[in-house]
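J.: This is the structure I want to talk about, given as structure tokens.
Listed below in structure tokens is the structure:
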């Protein structure tokens with residue numbers, strides 16, 4: 012069986028909205044979460060640059076809900 016997932020974007024949504032979204036995704040049997048850590052670097056309008064704490068909160072929510080998280084990053088973000 013394949014797992015299905017959702018995407019979250021802390022660059023555009025507050026953490027409270029993301030938590031509710033992920034809780035609902037879990038209820039609907041989603042198992043994976045994708046996020047991009049580089050959207051701000053790509054020039055998306057109206058994006059904010061989430062800090063390390065914000066990303067930690069998203070990952071903690073995923074862990075708490077038993078969701079597997081993955082992200083795209085670039086060399087700058089990796090450092």
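Residue numbers (the working numbering): 12 to 90.
We treat Cβ as the ideally placed atom computed from N, Cα and C, and that holds for glycine.
1) Take residue 47 as the anchor and find which of 14, 76 and 24 has the nearest alpha-carbon.
2) Cβ of residue 37 versus every heavy atom of the ligand FAD: is any distance shorter than 8 Å?
3) Within a Cβ cutoff of 6 Å, which residues of the same chain sit near residue 83, ignoring the five residues on either side of it in sequence?
4) Give the straight-line distance between the Cα atoms of residue 2 and residue 42, rounded to the nearest whole angstrom.
5) Pull up the distance between the alpha-carbon of residue 71 and that of residue 17, whole angstroms please.
6) Indicate the three-state DSSP secondary structure (helix, strand or coil) for residue 67 in the structure shown.
T.: Well, looking at it:
1) By 1-based counting over the chain shown, the position of residue 47 is 36. Looking at the Cα atoms, 24 is the closest of the given residues.
2) In the structure shown, the ligand FAD is absent, as is every other ligand, since no ligand is present at all.
3) Stepping through the chain shown from its first residue, residue 83 is reached at position 72. 47.
4) Missing from the structure shown is residue 2; the chain here goes from 12 to 90 and no further.
5) Counting from one through the chain shown, the residue named residue 71 turns up at place 60. Counting from one through the chain shown, the residue named residue 17 turns up at place 6. C-alpha separation (whole angstroms): 16 Å.
6) Sequence index remark: in the chain shown, residue 67 carries index 56 (1-based). Correct three-state label for residue 67: helix.
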